[in-house]
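So the structure is just underneath, and the comments pick up after that.
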Amino acid sequence: MYSVVLSDSEVRGNNLPCEYSFHVWYPDEDIRQKVKDVSYKVSNITGYIDREFLTMKATALEELKQCQNWTIHLERQITELKFKTLKGRIIERDTSNSITDVERDLLDLKKKVSHLKNNYQRMHRSFQALNSGHMRKAEPISHREINMLDLLKDTVRDLKAEWVVVKRDVIDLQTEHRSIKMGQNKYSNSSFHISNPSNY
Numbered sequence: 007m008y009s010v011v012l013s014d015s016e017v018r019g020n021n022l023p024c025e026y027s028f029h030v031w032y033p034d035e036d037i038r039q040k041v042k043d044v045s046y047k048v049s050n051i052t053g054y055i056d057r058e059f060l061t062m063k064a065t066a067l068e069e070l071k072q073c074q075n076w077t078i079h080l081e082r083q084i085t086e087l088k089f090k091t092l093k094g095r096i097i098e099r100d101t102s103n104s105i106t107d108v109e110r111d112l113l114d115l116k117k118k119v120s121h122l123k124n125n126y127q128r129m130h131r132s133f134q135a136l137n138s139g140h141m142r143k144a145e146p147i148s149h150r151e152i153n154m155l156d157l158l159k160d161t162v163r164d165l166k167a168e169w170v171v172v173k174r175d176v177i178d179l180q181t182e183h184r185s186i187k188m189g190q191n192k193y194s195n196s197s198f199h200i201s202n203p204s205n206y
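Take 7 as the starting number for the sequence shown in the working numbering and just add one per residue.
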């Protein structure tokens, strides 16, 4: 805004100075203001996305760590169960088939954990590319990149549900193994009494 003050000698019939105020408009003033507003909004959105990404990154890494721990725990339990089953004299065919089914479920679970890792790596690369330069920041974010975090959360939730199912199968196998072991002990005791001459 510009101001012009006229003295009393320049204004006839008035002893007080007269002041006029007016704005000077430039042809590209509106465009520059719009560009400034857009740049400010893009900066705010980028900052928000960065904060959300860091939070979800930490959560995704923690969930991945838990899935890996569950997988290792299941592998250890299956190995111990196979060893105990093979140690027995009588191995039921159904028990062996059940172990095979659990191993197959465990393999599928490990594949899904690997797929979750790949999704996380793709998400990480996408956000790195998003923050690579000002021109890149000004481009619209694709729907796929925005929903990548939700996809990771859903996948982790599905893995948790599958882990519960596999864990239940392992518990059932352990119960069945104890029943077989009890039957073996009973059979061994009966055989001992029959073959011992002192019983006659």
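The C-beta atom is built at its ideal place from N, Cα and C for all residues, glycine as well.
Nearest neighbour of residue i, chosen from the options [CA to CA]
{"i": "D175", "options": "I84, I55, S120", "result": "I84"}
{"i": "E182", "options": "D160, L87, K118", "result": "L87"}
{"i": "Q180", "options": "V119, L80, K117", "result": "L80"}
{"i": "K166", "options": "I78, Q72, L67, N124", "result": "Q72"}
{"i": "K117", "options": "Y54, E168, L67", "result": "E168"}
{"i": "R163", "options": "T65, N124, T52", "result": "T65"}
Reduced DSSP secondary structure (H/G/I, E/B, other) of residue i
{"i": "M188", "result": "helix"}
Buried or exposed (CB count within 10 angstroms, at least 16 for buried), residue i
{"i": "F89", "result": "exposed"}
{"i": "E69", "result": "buried"}
{"i": "V41", "result": "exposed"}
{"i": "V214", "result": "A query on residue 214 cannot be resolved here, the shown segment of the chain reaching from 7 to 206 and no further."}
{"i": "V119", "result": "buried"}
For residue j and residue i, the rounded distance between their alpha carbons
{"i": "H121", "j": "L115", "result": "10 angstroms"}
{"i": "R106", "j": "K63", "result": "The residue asked about is misnamed: residue 106 is Thr in this sequence, not Arg. The straight-line gap from Cα to Cα measures roughly 35 angstroms."}
{"i": "S185", "j": "I177", "result": "13 angstroms"}
{"i": "T77", "j": "T61", "result": "25 angstroms"}
{"i": "Q39", "j": "L112", "result": "59 angstroms"}
{"i": "Q74", "j": "I37", "result": "54 angstroms"}
{"i": "R110", "j": "D56", "result": "39 angstroms"}
{"i": "E145", "j": "V170", "result": "Because the pLDDT of E145 is 49, which lies under 50, any placement of that residue in the model is unreliable, and the number read from its coordinates should be weighed accordingly. Rounded to whole angstroms, E145 to V170 spans 43 angstroms at the Cα level."}
{"i": "L67", "j": "D160", "result": "14 angstroms"}
{"i": "Y54", "j": "Y46", "result": "13 angstroms"}
{"i": "E58", "j": "I51", "result": "11 angstroms"}
{"i": "R82", "j": "N124", "result": "25 angstroms"}
Contact belief for residue i with residue j at Cβ below 8 angstroms, rounded distance in angstroms
{"i": "V108", "j": "V48", "result": "Wrong, their Cβ atoms sit about 51 angstroms apart, outside the cutoff."}
Test: residue i CB closer than 9 angstroms to a CB of chain B
{"i": "N75", "result": "No chain B appears in this structure, which consists of one protein chain only."}
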